[in-house]
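Trainee:
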Amino acid sequence: MVMRIGGLATGMEIDSIVKELMRAERVKVDKLEQQKQLIEWKQEIYNEISRELANFILNTKKELGLTRTSSTGLLLNNSVSSLDWVKRATLSNSELANVTVRADAVEGTYKVKVHRLAENWSAASSGPISINNEGEINTSNLAAQFGIAEDEVIQFTIKTNKNPEGFTINEEGINAKFLSIHDIVKQINDADIGVKAVYDYATDRFFLQTEQTGSDNTIEIIDNNEITREGESDPVNFISLLKLQYIGENGETKSVESGKEYKGKDALIDFGAAQGIVQSSNQFTINGINFDLKNTGEFTVNVATDIDGVYEKISNFVEKYNELINKLAEKLEEKRYRDYAPLTKEQKEEMSEEEIKLWEEKAKSGLIKNDGILDNLIYSLRTGLFAQVEGVNGIYNHLTQIGITTESYFSSKRGQLVIDETKLKTAIQNDVDSVLELLFKEPDPELKHKSESKMTAAEIQAKRSQSGLISRLYDNLVVGIKGIVNKAGPGENAALYRNVNSSIMIDFIADYSGISMLDKDADDLNKRIVTLNSYLVRVENRYWQQFTQLEKAINRMNQQSMWLMQQFGGGY
30 MVMRIGGLAT GMEIDSIVKE LMRAERVKVD KLEQQKQLIE WKQEIYNEIS RELANFILNT
90 KKELGLTRTS STGLLLNNSV SSLDWVKRAT LSNSELANVT VRADAVEGTY KVKVHRLAEN
150 WSAASSGPIS INNEGEINTS NLAAQFGIAE DEVIQFTIKT NKNPEGFTIN EEGINAKFLS
210 IHDIVKQIND ADIGVKAVYD YATDRFFLQT EQTGSDNTIE IIDNNEITRE GESDPVNFIS
270 LLKLQYIGEN GETKSVESGK EYKGKDALID FGAAQGIVQS SNQFTINGIN FDLKNTGEFT
330 VNVATDIDGV YEKISNFVEK YNELINKLAE KLEEKRYRDY APLTKEQKEE MSEEEIKLWE
390 EKAKSGLIKN DGILDNLIYS LRTGLFAQVE GVNGIYNHLT QIGITTESYF SSKRGQLVID
450 ETKLKTAIQN DVDSVLELLF KEPDPELKHK SESKMTAAEI QAKRSQSGLI SRLYDNLVVG
510 IKGIVNKAGP GENAALYRNV NSSIMIDFIA DYSGISMLDK DADDLNKRIV TLNSYLVRVE
570 NRYWQQFTQL EKAINRMNQQ SMWLMQQFGG GY
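Numbering (the numbering used here), first residue to last: 30 to 601.
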């Protein structure tokens with residue numbers, strides 16, 4: 030940093046003069062900085078709107094049951110037939126089962142008889158397994174716990190349907206002095222072979238069972254150990270030391286044998302005229318009815334359309350849609366205050382935080398007033414909802430037929446939806462399947478699974494016309510999000526957009542190299558600002574050079590004047 034001191038000869042405040050001169054010069058930079066700030070604000074507004082659109086899709090799909098979250102966090106599509114809010118089930122005995130019904134369940138009354146529940150195979154120690162007469166369980170190692178030689182190596186193999194080759198416990202050959210019952214439990218559970226082991230310290234017992242129910246889930250323990258304990262002449266294997274027993278087919282208690290395969294039990298039910306249906310689990314689906322069996326016995330299930338439930342789902346969706354349209358309309362009609370330009374750094378230094386906040390609220394207002402992307406989006410959503418659905422099998426192919434109409438597009442409500450409750454409930458009662466088809470019908474498979482970025486305009490039009498109204502709405506929203514992302518970039522929402530539709534980010538990178546139109550505008554402004562700042566440095570240096578020359582000239586003049594005065598003074 031160069032320290033400049035001026036005005037010694039002239040008496041002028043050169044630093045202040047240069048600052049005032051530069052203030053006028055910096056007006057050009059300030060204007061560019063203000064333009065850049067407006068672009069950044071526009072990007073923030075666009076990103077907020079596209080985030081609203083994306084969350085609307087994800088949230089309403091979840092509320093409608095069109096998606097579910099897996100254990101990995103991924104969103105997986107469910108078919109409309111699996112929706113659980115369309116039909117309701119009335120159960121005669123809730124102590125025997127829990128029942129829900131899918132949309133494709135046939136209405137009627139069904140008699141169910143549960144002969145047997147599905148079970149996993151399980152075994153447990155018949156008594157305490159440690160050798161301690163005082164009741165104090167020593168679990169430090171196998172030798173101490175079971176009273177066997179410290180150098181004894183305990184090994185056995187478990188085979189299951191999940192791992193038919195078998196998993197060997199203590200394959201490393203660690204001797205009994207350094208291996209505990211907890212080590213064995215951990216090895217079994219970590220092996221992920223479909224078997225769960227537990228050692229309960231309080232009761233001093235070992236438990237072993239298959240993780241899943243049904244006869245397909247098998248287990249076989251191969252124990253070739255020959256263990257001799259002090260004071261006993263006959264060798265035993267490790268299974269006998271664990272005292273493992275299980276309940277046989279007839280309810281009798283039996284000891285687990287080495288080399289013998291054991292398996293779980295299947296559920297056995299009668300469903301109406303269908304006798305002897307076998308299920309490996311107590312949770313299963315028959316004719317669109319989801320069963321969760323709890324006890325054996327007989328009960329009936331009555332399946333009927335849940336008119337109020339369907340109405341509530343549709344009305345909630347319409348409410349969320351209207352809220353979204355209202356937010357978009359507010360942005361399109363927001364007042365623009367052109368006298369409130371973004372504040373410069375110097376202006377902010379002269380204002381309080383509250384004053385800055387109020388000023389910037391006005392400066393940001395109306396930045397996307399009458400925006401073409403949003404206006405086209407609202408128009409496409411409205412026209413999409415009120416175009417017929419082609420290829421339906423049911424009696425409804427237009428939204429007005431089920432009692433849903435719209436406000437005027439040119440009103441402040443921008444085409445929000447209006448529900449006639451009586452007409453909608455009547456439509457649901459008359460033909461709920463047709464209502465669902467109108468809302469959720471899928472297009473031809475070749476159109477459904479093809480990316481729209483690779484479709485022709487005719488193919489996109491065909492897909493829209495064949496799609497149910499809500500499915501069509503989601504497609505149009507994705508197009509709107511793409512337009513906003515192309516204009517303003519994804520901001521911090523890239524992961525959100527990938528959850529909505531992977532093509533949003535893929536197309537943005539492919540078509541725009543990941544650089545939005547506003548990013549390009551901001552980059553151009555940055556370059557101009559850098560160039561102009563370099564120019565201002567040169568201008569400021571020139572001013573200082575000019576004033577320095579003036580100082581030198583004045584200083585020389587002063588020196589000459591003093592010399593002349595000295596000369597004239599010497600003649601008297």
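Cβ coordinates follow ideal geometry from the N, Cα and C atoms, glycine included.
Within 10 angstroms of the Cβ of Leu270, are there 16 or more other Cβ atoms? Answer buried if so, exposed if not.
Mentor: On the sequence shown, position 241 is the one that residue 270 refers to. Buried, since its Cβ has 16 or more Cβ neighbours within 10 Å.
Trainee: Strictly by DSSP, which residues pair up with Tyr228?
Mentor: In the sequence shown, residue 228 corresponds to position 199, counting from 1. DSSP lists Phe235 as partners of Tyr228.
Trainee: Helix, strand or coil for Asp299? Go by DSSP, reduced to three states.
Mentor: As a working note, residue 299 is residue 270 in the sequence shown. Asp299: strand per DSSP, three-state reduction.
Trainee: Mind checking whether Ala456 and Tyr425 have CB atoms under 8 Å apart?
Mentor: Locating residue 456 in the sequence shown gives position 427, counting from the first residue. Locating residue 425 in the sequence shown gives position 396, counting from the first residue. Yes, these two residues count as a Cβ contact at 8 Å.
Trainee: Starting from the C-beta of Gln312, find all residues in its chain whose C-beta is less than 6 Å away, skip the five residues before and the five after it, and write them out in chain order.
Mentor: The residue labelled residue 312 in the question sits at position 283 within the sequence shown. Answer for Gln312: Asp321, listed in chain order.
Trainee: Work out the CA separation of Asn316 and Asp540 for me, nearest whole Å.
Mentor: Residue numbering aside, residue 540 sits at position 511 when the sequence shown is read from its first letter. Residue numbering aside, residue 316 sits at position 287 when the sequence shown is read from its first letter. The alpha-carbon atoms of Asp540 and Asn316 are separated by roughly 47 Å.
Trainee: State the CB to CB distance for the pair Ala551 and Lys65, rounded to an integer number of angstroms; the pair is presumed to be in contact (CB under 8 Å).
Mentor: Here residue 551 refers to the residue found at position 522 of the sequence shown. Here residue 65 refers to the residue found at position 36 of the sequence shown. The pair is a contact, with the Cβ atoms about 6 Å apart (cut-off 8 Å).
Trainee: By how many angstroms is the C-alpha of Phe175 removed from the C-alpha of Arg258?
Mentor: For the purposes of this step, residue 258 is identified with residue 229 of the sequence shown, where counting begins at 1. For the purposes of this step, residue 175 is identified with residue 146 of the sequence shown, where counting begins at 1. Cα-Cα distance, rounded: 8 Å.
Trainee: Establish whether the CB of Thr138 and some CB of chain D are separated by less than 8 Å.
Mentor: The displayed structure is made up of one protein chain only, and chain D is not part of it.
Trainee: Whole-angstrom Cβ separation of Thr242 and Ser309, contact assumed at under 8 Å?
Mentor: Here the question's residue 242 lines up with position 213 in the sequence shown. Here the question's residue 309 lines up with position 280 in the sequence shown. With 8 Å as the limit, Thr242 and Ser309 qualify as a contact, their Cβ atoms being about 6 Å apart.
Trainee: According to DSSP, simplified to helix, strand and coil, what is Lys71?
Mentor: Sequence index remark: in the sequence shown, residue 71 carries index 42 (1-based). Reduced to three states, the DSSP call for Lys71 is helix.
Trainee: When we look at the beta-carbon of Asp368 and count the other beta-carbons within 10 Å, is it buried (16 or more) or exposed?
Mentor: To locate residue 368, count along the sequence shown from 1; it is residue 339. It counts as exposed.
Trainee: Identify the residues that DSSP records as bridge partners of Val265: which are they?
Mentor: Working through the sequence shown from its first residue, we reach residue 265 at position 236. Ile256.
Trainee: If you draw a straight line from the alpha carbon of Glu475 to that of Lys492, how long is it in whole angstroms?
Mentor: The count along the sequence shown starts at 1 and reaches residue 475 at position 446. The count along the sequence shown starts at 1 and reaches residue 492 at position 463. Taking the straight line from one Cα to the other gives about 10 Å.
Trainee: Grouping DSSP H, G and I as helix and E and B as strand, with all else coil, what is Gly102?
Mentor: The count along the sequence shown starts at 1 and reaches residue 102 at position 73. Here Gly102 scores only 48 on pLDDT, less than 50, and its place in the model should not be relied on; the value that follows carries that caveat. Looking at Gly102 - three-state DSSP - the assignment turns out to be coil, as it is neither helix nor strand.
Trainee: Excluding five sequence neighbours on each side, which residues of the same chain lie with their C-beta closer than 6 Å to the C-beta of Thr282?
Mentor: In the sequence shown, the residue the question calls residue 282 occupies position 253. The answer, listed in chain order, is Gln274.
Trainee: Ordered along the chain, which non-local residues of its own chain (more than five positions away) have a Cβ less than 7 Å from that of Gly94?
Mentor: Counting from one through the sequence shown, the residue named residue 94 turns up at place 65. For Gly94, where only same-chain residues beyond five positions count, the Cβ hits under 7 Å are Asn107, Leu112, Asp113, Trp114.
Trainee: Would you report the Cα separation of Val347 and Ser409, rounded to the nearest angstrom?
Mentor: Locating residue 347 in the sequence shown gives position 318, where the first residue counts as 1. Locating residue 409 in the sequence shown gives position 380, where the first residue counts as 1. About 16 Å.
Trainee: Per DSSP, what are the beta-bridge partners of Asn324 in this structure?
Mentor: The sequence position of residue 324 within the sequence shown is 295, counting from 1. Asn324 is not bridged to any residue.
Trainee: With a threshold of 6 Å on Cβ separation, who are the neighbours of Val447 within its own chain once the five nearest residues in sequence on each side are excluded?
Mentor: As a first step, residue 447 is located in the sequence shown; it is residue number 418 there, counting from the start. Thr434, listed in sequence order.
Trainee: In the DSSP assignment, what are the bridge partners of Tyr291?
Mentor: By 1-based counting over the sequence shown, the position of residue 291 is 262. Note: Tyr291 sits in a beta bridge opposite Ile248.
Trainee: Can you have a look at Phe267 and say buried or exposed, based on whether 16 or more other CB atoms are within 10 angstroms of its CB?
Mentor: On the sequence shown, residue 267 is found 238 positions in, with the first residue counted as 1. Phe267 is buried by the Cβ-count criterion.
Trainee: Can you list, in chain order, the residues of its chain whose CB lies under 6 Å from that of Asp180, leaving out five sequence neighbours each side?
Mentor: Sequence index remark: in the sequence shown, residue 180 carries index 151 (1-based). Taken in chain order, the residues that qualify are Asn204.
Trainee: From this set, Lys364, Gly326, Thr96, which residue's C-alpha is nearest Asn122's C-alpha?
Mentor: Mapped onto the sequence shown, residue 122 falls at position 93. It is Gly326.
Trainee: Quick check on Leu273: does DSSP put it in helix, strand or coil?
Mentor: Counted from its first residue, the sequence shown places residue 273 at position 244. Reduced to three states, the DSSP call for Leu273 is strand.
Trainee: Is Thr239 buried or exposed, if buried means 16 or more other CB atoms sit within 10 Å of its CB?
Mentor: Counted from its first residue, the sequence shown places residue 239 at position 210. Buried: at least 16 other Cβ atoms inside 10 Å.
Trainee: Check whether the Cβ atoms of Leu502 and Asn324 sit closer than 8 Å, and answer yes or no.
Mentor: Here residue 502 refers to the residue found at position 473 when the sequence shown is read from its first residue. Here residue 324 refers to the residue found at position 295 when the sequence shown is read from its first residue. At the C-beta level, Leu502 and Asn324 stay beyond 8 Å of one another.
Trainee: Cutting at 6 Å between CB atoms, please list the residues of its own chain near Asp59, excluding the five before and the five after it.
Mentor: For the purposes of this step, residue 59 is identified with residue 30 of the sequence shown, where counting begins at 1. Here the set comprises Thr373.
Trainee: Touching or not, the region 450 to 470 and the region 514 to 528, by the rule of three or more beta carbon pairs under 8 Å?
Mentor: No, they do not touch.
Trainee: Buried or exposed, going by whether 16 or more other CB atoms sit within 10 Å of the CB of Gly509?
Mentor: Sequence index remark: in the sequence shown, residue 509 carries index 480 (1-based). Buried, since its Cβ has 16 or more Cβ neighbours within 10 Å.
Trainee: Going by DSSP, what residue range makes up the beta strand (DSSP E) through Tyr526?
Mentor: Here residue 526 corresponds to residue number 497 of the sequence shown, with the count starting at 1. First-last for Tyr526: 523 to 529, but that is the alpha helix (DSSP H), not the beta strand (DSSP E).
Trainee: Given a cut-off of 8 Å on the beta-carbon distance, is the pair Val307 and Ile318 in contact?
Mentor: Here residue 307 refers to the residue found at position 278 when the sequence shown is read from its first residue. Here residue 318 refers to the residue found at position 289 when the sequence shown is read from its first residue. Taking 8 Å as the Cβ cut-off, Val307 and Ile318 do not qualify as a contacting pair.
Trainee: Measuring only the C-alpha atoms, how far is Arg145 from Ile489?
Mentor: In the sequence shown, residue 145 corresponds to position 116, counting from 1. In the sequence shown, residue 489 corresponds to position 460, counting from 1. Cα to Cα, the separation comes out at about 53 Å.
Trainee: Once DSSP output is grouped into helix, strand and coil, what is the label at Met594?
Mentor: Taking the sequence shown and counting its residues from 1, the one referred to as residue 594 is at position 565. If DSSP states are grouped into helix, strand and coil, Met594 belongs with the helices.
Trainee: Classify Ala486: buried if its beta carbon has 16 or more other beta carbons within 10 angstroms, exposed otherwise.
Mentor: Locating residue 486 in the sequence shown gives position 457, counting from the first residue. Exposed: under 16 other Cβ atoms inside 10 Å.
Trainee: Pull the bridge partners of Tyr366 from the DSSP assignment, please.
Mentor: Counting from one through the sequence shown, the residue named residue 366 turns up at place 337. As DSSP reads the structure, Tyr366 sits in no beta bridge.
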